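Remarks on the structure that follows.
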Amino acid sequence: MTPIGRDEAARRAADELLKPAYEQEPLIDRLWRQVQQFLGDLMDAAAGGGTTGGVIAAVLITLVILAVVVLVGWQLRRTSRRNATGSAALFGEHARSAAEHRRAAEGLAAEGRYTEAIQERLRAIARDLEERALVDGLPGRTADELSAEAARALPAFAAELAAAARSFDDVTYGDVPGTRAAYDAMTELDERLRLARPVALTGPAGTQTAGASASAAAPSGPAGTRPNGSGGPP
């Protein structure tokens, strides 16, 4: 059998790829095939180009491989961020106030759409905590991340916040249907959180640095006196 030349092989390959069977070839498969062909050409050049040609081909092959690795890694990170935002994020695309989320939740509950009502009520809780600067306003926050951060400012509510996050995840990702009881529990938690005061934070010497203290939360007596009856500046 007479060996065919490189030009003839390329022509035959092009003719083959023009056949209808290749018209529906996935883009990723086509790109990978082209990369393989390009690397094959470089290997051929390295084999027939002497020492200099081999070095140049080796460098080019290394650069191509690095470019492919970087491209694949970038695409994986992009997909991961998109999936995280789309699948686990607490908020949707449109920013609303806590009051708007509460109104939406009440309207959905009135229609018996408890799954969506539970989602909106937890979003109301999250937005209210953000508006009061008890948690940071982080884009892409999940329900679990919200409950963990809020529990640091309001430790007395830690268990209930974790339960609310589980309820949100159940109806959102676990195919668990929302119920009136679950919505009422989320609503009652929302109302109590609105009245809650954050714990006081103390510095190294025990001095108060942030948060609300017990004395600050207690009402003042007549004429500006403190609850223990002592006067003095507030």
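So the sequence shown is residues 63 to 296, counted in the numbering used here. We put the beta carbon where it would ideally sit given N, CA and C, even for glycine. None of the values given here were measured: they were computed from a predicted structure.
Endpoints, alpha helix (DSSP H) assigned at residue i
i	result
A179	Y176 to E193
L251	R242 to L257
L170	A160 to A172
F230	A220 to Y235
Which of helix, strand or coil DSSP assigns to residue i
i	result
E207	helix
V197	coil
A129	helix
V97	helix
V121	helix
P295	Low confidence applies here, because P295 scores a pLDDT of 38, under 50, leaving its location unreliable and the question unanswered by this model.
V134	helix
Alpha carbon of residue i to alpha carbon of residue j, nearest angstrom
i	j	result
I123	R203	42 Å
P281	E250	A caution first: P281 carries a pLDDT of 36, below 50, which makes its placement in the model unreliable, though a value can still be read off. Answer to the nearest angstrom: the Cα atoms are 25 Å apart.
L263	A195	Confidence in L263 is poor, its pLDDT being 49 and thus under 50, which makes the residue's placement unreliable; the coordinate value appears in the next sentence. The alpha-carbon atoms of L263 and A195 are separated by roughly 14 Å.
F219	A213	6 Å
E211	P201	14 Å
A161	G135	41 Å
G236	E193	29 Å
V131	L208	35 Å
E182	D252	11 Å
A247	W94	54 Å
L133	T177	39 Å
E173	L191	27 Å
V121	D232	53 Å
Q96	L125	16 Å
I127	Q98	11 Å
Selected residue, minimal CA-CA separation from residue i, among the options
i	options	result
R158	L128, I127 and G199	G199
P217	Y245, L208, P260 and D231	P260
A179	R95, W94 and T241	T241
V197	A129, Q181, A215 and A205	A215
A326	F100, Q96, Y245 and R92	Given a span of 63 to 296 for the chain in the structure shown, any question on residue 326 remains unanswerable.
Three CB pairs or more closer than 8 Å across the stretch 247-256 and the stretch 177-195: yes
The stretch 161-168 / the stretch 221-230 touching (three or more Cβ pairs under 8 Å): no
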